[in-house]
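Visitor: Next up is a structure, given as structure tokens.
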Amino acid sequence: MNAAPANGAQWVVLKFGGTSVSTRPRWDKIAAIAKAKRAQGKHVLIVVSALSGTTDKLKAICDGHADAGKCRAVADEIIARHRAMFVELELKDAGGLDTWLARLERLLADPRRTDGALTWQAEVLALGEMMSSTLGAAYLTASGVATRWLDSREHLLSEALPNQSAWGSYLSAQVPTARDEALITKLPTLGEIFITQGFMARNAAGETVILGRGGSDTSASYFGALLDAEIVEIWTDVAGMFSANPRSVPNARLLSKLDYEEAQEIATTGAKVLHPRCINPVREAGVPLAIKDTNYPEFAGTEICAAVADALPSVKAISSRSGITLISMESIGMWQQVGFLADVFEIFKRHGLSIDLVSTAETNVTVSLDPTENLVNTDVLSALCTDLAGICRVKVIAPCAAITLVGRGMRSMLHKFSTILAEFGSLRVHLISQSSNNLNLTFVVDESAASDLVPQLHDLLIKAEAMRVEDSAVFGPSWVDLYKKKLVQDAPWWRARRDELLKLARQATPHYVYDLATVRAQAQALRGTIKAVDRWFYAIKANSHPAILREIVARGFGLECVSPGEIAHVREIFGDAVDILYTPNFCPRADYAAGIAAGARVTVDNLHPLEHWGELFAGREIELRLDLDFARGHHDKVKTGGAASKFGLSLNELDEFLRLARQHDVRVVGLHAHLGSGILDAKHWKEVCAQQASIAEKIGTVRSLNVGGGYGVPARADEAPLDLAAVAAGLAEVKAAYPQFELWSEPGRFLVADAGVLLARVTQLKRKGEFRYVGVDAGMHTLIRPALYEAYHEIVNLSRIDEPADELVQVVGPICESGDVLGNHRRLAAPQEGDVILIAQAGAYGAVMSSDYNLRGRATETVL
Ligand code: LLP
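Following the numbering used here, the numbering of the sequence shown begins with -10 at its first residue and continues without gaps.
Here's what the structure looks like:
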């Protein structure tokens, strides 16, 4: 194993996926990585996927083969894309690319297209990698990394498998591999760096075949085995495999080292980063496989290799697969009837369904079907159930989710699972299965219960030491810690203005500092993108600093106020020159009177005001705040819809409200609904608006629909920003259907959150058990969001911004409460007394929510 080739050099196989080969800067990264390997004396084979989106397009040609016009149109898109890439790479000789484009033309004209022959489909699908590898060879060579192009089909020969369908043999082929001495000897005589195509092979008849889903990873694995490589590296856009999906569990830890079987299990039970098929070839050859992030080659990534004999058992990962269907079959024959299982399984086989989990009793067997391995649709299921009904009583339970704990030695860890089992205690668990290889333990629950559960279970596994995250040989940093850098690289304004901020901190701490340019940019992003909204109001409760209000009013916003105090504040700054929308909640009669007197547009959200103070509103126009009975938001405490929330008129009181309004000659001219804060789901506002529109049509007097605020900004590195274009498209759709209504909106957070930072000074350091506390002079009295909502605010040591952030600390304030924590388990550059700590994204609901608790005084505020 891993014997050196004739000239003594070792092979490394580097695989790059679609996004990694789709732009010139990415190719420059590939060049740098290949060069670095070469500098270490390695022989390099690069395996590439097609430019991103290309395989889907080629597949569209295959699927729509009968429609010549459609094929032509898609082919033209592919040609244009590759010609554009040729130009972007500033290549001189188009000869190589033209060969493949001509091949595409010939395949379009090929008579096999008419009936979509499998041989034809395989040749069409292979073109994407042919083109990307050809462009890549030319670009790398032109960049000074002499690279030789190889046709992978000359080296990978597929094998027909028993019972394999014709479709499988052409479009989901498999290749047996063993060290190929001839190849290992020949290649070094031809060059040092090679590039070839993933995703394809040839069959015994010399025809092109495709390796199926995840095919490029599999190709890299096959070549790793043929070349008996020192390592196969899969370069992608994430640093490796994690202990849970980082999208839902930002604290998921990088798995630095896994054995082949564990990696296979994690890939099979949910992780998308690696296709499970690619592990077996390297496992058999004993070649290690690594996953690396193309954008951050310095990250260690995940290494997958043979199991270490004396490794302590630990849960390595928790994953969740949704869309699982359970089939429960109750025997109607005899107790422990001989052959019952055989009869049942024969029927699944007949329907081409592969069973995942099995659980049996004397008269019942329940199995699960995983949608990634099966075509599970209603037709297939009803045909299956019809056949099964002949021998048993069948029940289909769907949709379910399978939550799986993966790790070697599962059976020896059961005593550590008590808190995990308690968590499942409150749910309907349909099936529990422990894999016979002792690598996984799976719980099947209702799909709706799964998503909230995984982050919680991940935490519990760590607390119970069932997941031994302190073992640094196995577990790396958390996703958030690893990618915090990325947030910083997205260049927040405060990085560039560090010196000014340090100077302000010398004048006073704690100290809120605001950047008006960010406010302006956010206001423009909203107004410029969401064109369907006719009138914007800024919810001043988020930050009522006069300079910020002026900046926002200058961008054409009105102001939304919720108290006489806020109205007075606005009138003091702007006089009557600004439009005020007034949305008080559970306020006394006098507050409405104050709003009316100040000329604000008043919103009512309860029967009580009309029932008891009807004369106050008589003859007036009002807005009506509705509870649409759903809510979204970053935390339960900021969700403002549904019976558990005090806001808004319940829809079943609408008729009574309208009756009272008529009685007092009050006209409802606007509907309003604000159902939560910190929403990152773009469909929210469309849903609100569509419901309002249909209610408004029935009321008849309504002119405007106010869809509220709630536009979120991502707090953690793994949260995707709100897709404003999608919000815009959704609202535009509703507006097109109901052009008679004006749309209004009243954002707060979105305009100001990123515009503000809180500066604090380190007061004291303390060690206690495994915790290291860093005290600062800001606390929950200055910024209450972490204590109140477990809100995450990025924290950096501004004084040592260029030093590695490697101390794991609790950032705490001076208040006499255990909840006075600004950041849990944060990595900071070694803090010292006097250092200035910056707490980011503190522009919204920061200073405005501060208090005098412990009589510690308020923070200073400065606008840059
Ligand atoms: N409209 C109404 C009626 C509201 O009550 C609010 C916020 C907004 C608009 C603006 O929502 P935004 O766009 O800022 O999400 N203190 C919490 C947020 C509470 C929001 C209260 N109402 C936090 O710090 O996350």
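Each residue gets a CB set at the ideal place from its N, CA and C atoms; glycine is no exception.
It should be emphasised that the depicted structure is a prediction, and the values quoted were computed from it without experimental measurement.
1. With three or more C-beta pairs closer than 8 Å as the rule, is the stretch 478 to 498 touching the stretch 664 to 673?
2. Does the distance between the C-beta of F739 and the nearest non-hydrogen atom of the ligand LLP fall short of 8 Å?
3. Can you name the residues that DSSP bridges to G701?
4. Since L694 and W733 are thought to touch, with beta carbons under 8 Å apart, how far apart are those beta carbons, to the nearest angstrom?
5. Return yes when the Cβ of V746 is within less than 9 Å of the Cβ of L820, no when it is not.
6. Tell me, please, whether the stretch 752 to 768 touches the stretch 667 to 683 by the rule of three or more beta-carbon pairs shorter than 8 Å.
7. For T771 and S807, I'd like the C-alpha separation in whole angstroms.
8. Would D345 be called buried (16 or more neighbouring beta carbons within 10 Å of its own) or exposed?
9. Pull the bridge partners of D248 from the DSSP assignment, please.
10. Among residues of its own chain, excluding the 5 on either side of G7, which ones have a beta-carbon nearer than 7 Å to its beta-carbon?
11. Where do the N-terminal and C-terminal ends of the beta strand (DSSP E) with E759 fall, by residue?
12. Is DSSP giving H673 helix, strand or coil here?
13. Does the beta-carbon of R236 have 16 or more other beta-carbons within 10 angstroms, so that it is buried, or is it exposed?
14. Should A241 be counted as a contact of the ligand LLP given a C-beta to heavy atom distance under 8 Å?
15. Taking 8 Å as the cut-off, is the CB of P277 close to at least one heavy atom of the ligand LLP?
16. Mind pulling the beta strand (DSSP E) runs of 3 or more residues that sit fully within the stretch 114 to 192?
17. My parser needs the alpha helix (DSSP H) runs of 4 or more residues fully inside the stretch 36 to 84; what are they?
18. What residues are listed by DSSP as bridge partners for D282?
19. What residue range does the beta strand (DSSP E) around K511 cover?
20. Do N240 and W468 have their beta-carbon atoms positioned less than 9 Å apart in this structure?
21. Could you check what DSSP says for G414 in three-state terms: helix, strand or coil?
22. Can G659 and R590 be called in contact, C-beta distance under 9 Å?
23. Q445: buried (16+ other C-beta within 10 angstroms of its C-beta) or exposed?
24. Rounded to whole angstroms, what is the Cα-Cα separation between F464 and W324?
25. Output needed for S634: all residues of its chain with C-beta closer than 8 Å, excluding positions within five of it in sequence on either side, in chain order.
26. Under 9 Å between the Cβ atoms of I386 and L315?
27. Determine the DSSP secondary structure at T314, reduced to helix, strand or coil.
28. Are W224 and T283 close, meaning C-beta to C-beta below 9 Å?
29. Between the C-alpha atoms of L476 and P553, what's the straight-line distance to the nearest angstrom?
30. Figure out for me which residue from S407, F575, P577, Q652 has the closest Cα to the Cα of E604.
31. With distances taken from CA atoms, which of P577, G823, K46, L278 is nearest S208?
32. Comparing alpha-carbon positions, which option in D332, E250, S309 lies nearest E292?
33. Under three-state DSSP, which class holds H782?
34. Under 7 Å Cβ to Cβ from T257, same chain only, skipping five residues before and after it: list those, please.
Guide: Taking the coordinates as given:
1. Of all C-beta pairs linking the stretch 664 to 673 to the stretch 478 to 498, fewer than three are shorter than 8 Å, placing the two stretches out of contact.
2. For F739, the Cβ falls inside the 8 Å cut-off from some heavy atom of the ligand LLP.
3. According to DSSP, which records beta bridges pairwise, G701 is partnered with nothing at all.
4. With 8 Å as the limit, L694 and W733 qualify as a contact, their Cβ atoms being about 7 Å apart.
5. In the sequence on display, residue 820 carries Pro and not Leu. Not closer than 9 Å, so no.
6. Cβ pair count under 8 Å is below three, so no.
7. Going by the C-alpha atoms only, they are around 15 Å apart.
8. Result: buried.
9. Bridge partners of D248: C294.
10. If you ignore the 5 residues before and after G7, its C-beta comes within less than 7 Å of the C-beta of S38, A39, L40, S41, all in its own chain and listed in chain order.
11. DSSP places E759 outside any beta strand (DSSP E), giving it a letter other than H or E.
12. Of the three classes helix, strand and coil, the one that applies to H673 here is helix, per DSSP.
13. Result: exposed.
14. In this structure, the C-beta of A241 stays at least 8 Å away from each heavy atom of the ligand LLP.
15. Result no, Cβ not under 8 Å from the ligand LLP.
16. Runs of the beta strand (DSSP E) inside the stretch 114 to 192: 182 to 186, 189 to 191.
17. Within the stretch 36 to 84, the complete alpha helix (DSSP H) runs of at least 4 residues are 43 to 52, 57 to 77.
18. D282 pairs with T225.
19. The question names Lys, but residue 511 is Gln in the sequence shown. Careful: Q511 lies outside any beta strand (DSSP E), inside the alpha helix (DSSP H) at 505 to 518.
20. Contact flag set, yes.
21. Three-state result, G414: helix.
22. G659 places its beta carbon less than 9 Å from that of R590.
23. So Q445 ends up on the exposed side.
24. So the two alpha carbons sit approximately 49 Å from each other.
25. Residues of the same chain with a CB within less than 8 Å of the CB of S634, apart from the 5 flanking positions on each side, are D616, A620, K628 in chain order.
26. Going by C-beta atoms, I386 is nearer than 9 Å to L315.
27. Here DSSP, grouped into helix, strand and coil, assigns T314 to strand.
28. Yes. Within cutoff.
29. Because L476 carries a pLDDT of 46, less than 50, the predicted location of this residue cannot be relied on, and no value is offered for it.
30. Ranking S407, F575, P577, Q652 by Cα distance to E604 puts Q652 first.
31. For S208, the nearest C-alpha among the options comes from L278.
32. If we check each option's Cα against that of E292, E250 comes out closest.
33. It is coil, neither helix nor strand.
34. Correct list, in chain order: P265.
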